[in-house]
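Letter 232 of the sequence shown, counting from 1, is numbered 343 in the numbering used here, and no numbers are missing.
Single-structure report; data block below.
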Amino acid sequence: MAAAVVTGGARGLGFEIARLLAQRGLAVNVADVDEAGAQAAAERIGGSAWGSALNVTDPEACREAARAAAERAGGLAVWVNNAGILRTGPSWSHSDADRRALVDVNVHGLMNGTIAALELMRPANSGHILNVVSLAGLAAPPGETVYAATKHAALAFTVGTLYDLRESGCKGVRLSAICPDGIWTPMLYDKVDDPQAAPSWSGVLLQPEQVARRAVELLDSPRPVVSMPRWRGGVARAFSAAPRLATALVPAVMADARRRQKRWGRKHAGDGRGTASS
Ligand SMILES: NC(=O)c1ccc[n+]([C@@H]2O[C@H](COP(=O)([O-])OP(=O)(O)OC[C@H]3O[C@@H](n4cnc5c(N)ncnc54)[C@H](O)[C@@H]3O)[C@@H](O)[C@H]2O)c1
């Protein structure tokens, strides 16, 4: 048996990824800043899963989590950088602390996890690092601008690190970035009435189980970058490639996204999933 670490695994997408990795026979560390949530999630998963406190903004804590997981299960096979936070609003509207938190968790956290995993995977010349990015890593929507900036950095770091590995002669370690559209997780539960979060509803709102399945498939058929759904990745890249046209289209795209968001809100108002996001 080998180990997998899933950051931010206490709930949402991370929980679903952790569950599928455990089903594949990996000993999974559900690692989350919410320690009680991580332990409860590991209990729900069962088998060899265990929960632990991990704040991904702490590089030494990431190293320790990687070492502990490898010692416990005889090697580190998979590290999933899933932990992330979302704040919405125009780029100038965040508090300094919120802007810094977005960069700390979504960028430094992902870098810390990647580097901690590579310290064990490079010498072993094996292992797979899955980085959860977002379509916001391919195009920057209004209202989620700072979040999108962090996800662009996360994507550049993932792909660039893969190039660094191959350039250095390391062929056995894999890195993949998954860029999903909006996902119906606690991250969005309290954003249904937030017009600034409308881009999350602009395309296809995915279920975490769907995205987790696609993420875990990457272990068998590795690809550097996968967007979900695929066509939305194409749309996002086209938007990015034509910023003048995109600027002109933004009001219509946002108006349509807000209509979809309202429709979703009406449909899901009473479904009991209205937990606040972090
Ligand atoms: N929900 C979406 O619409 C969506 C879309 C695309 C990508 N994503 C990305 O998917 C990933 C998972 O998001 P989610 O929707 O499941 O969100 P979520 O808010 O439901 O879960 C995020 C988890 O990360 C944990 N976390 C937050 N800060 C942390 C830290 N410093 N250290 C360790 N854990 C921390 C939280 O405690 C929580 O358990 C994130 O990277 C997010 O950006 C989400």
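Backbone N, C-alpha and C fix where the C-beta goes; we use that ideal spot for every residue, glycine too.
Among V191, Y258, A368 and P253, which residue has its Cα nearest to the Cα of V303?
A368
Name the DSSP bridge partner or partners of C290?
S338
State the CB to CB distance for the pair I128 and A323, rounded to an integer number of angstroms; the pair is presumed to be in contact (CB under 8 Å).
5 Å
Between which two residues does the beta strand (DSSP E) carrying V117 extend?
Here the beta strand (DSSP E) through V117 covers A114 to T118.
Taking 7 Å as the threshold (C-beta atoms), are D215 and T168 in contact?
Note that the C-beta distance between T168 and D215 is below 7 Å.
Run through DSSP, which three-state label would G283 get?
coil
I'd like to confirm something about T118: is its beta-carbon nearer than 6 Å to some heavy atom of ligand 1, or not?
yes
Use the C-beta contact count for P306: other C-beta atoms within 10 angstroms, 16 or more gives buried, fewer gives exposed.
exposed
Given this structure, state the Cα-to-Cα distance separating L317 from S311, to the nearest angstrom.
10 Å
Quick test of your reading: G238 and M232, contact by CB under 8 Å. State the CB separation rounded to the nearest angstrom.
3 Å
What are the start and end residues of the beta strand (DSSP E) that includes H239?
G238 to V243
Would you say the stretch 195 to 212 touches the stretch 147 to 162, given that touching needs at least three Cβ pairs under 8 Å?
no
Over what stretch of residues does the beta strand (DSSP E) that includes L187 continue unbroken?
L187 to N192
Would you call the stretch 260 to 276 in contact with the stretch 357 to 373, where contact means no fewer than 3 C-beta pairs closer than 8 Å?
no
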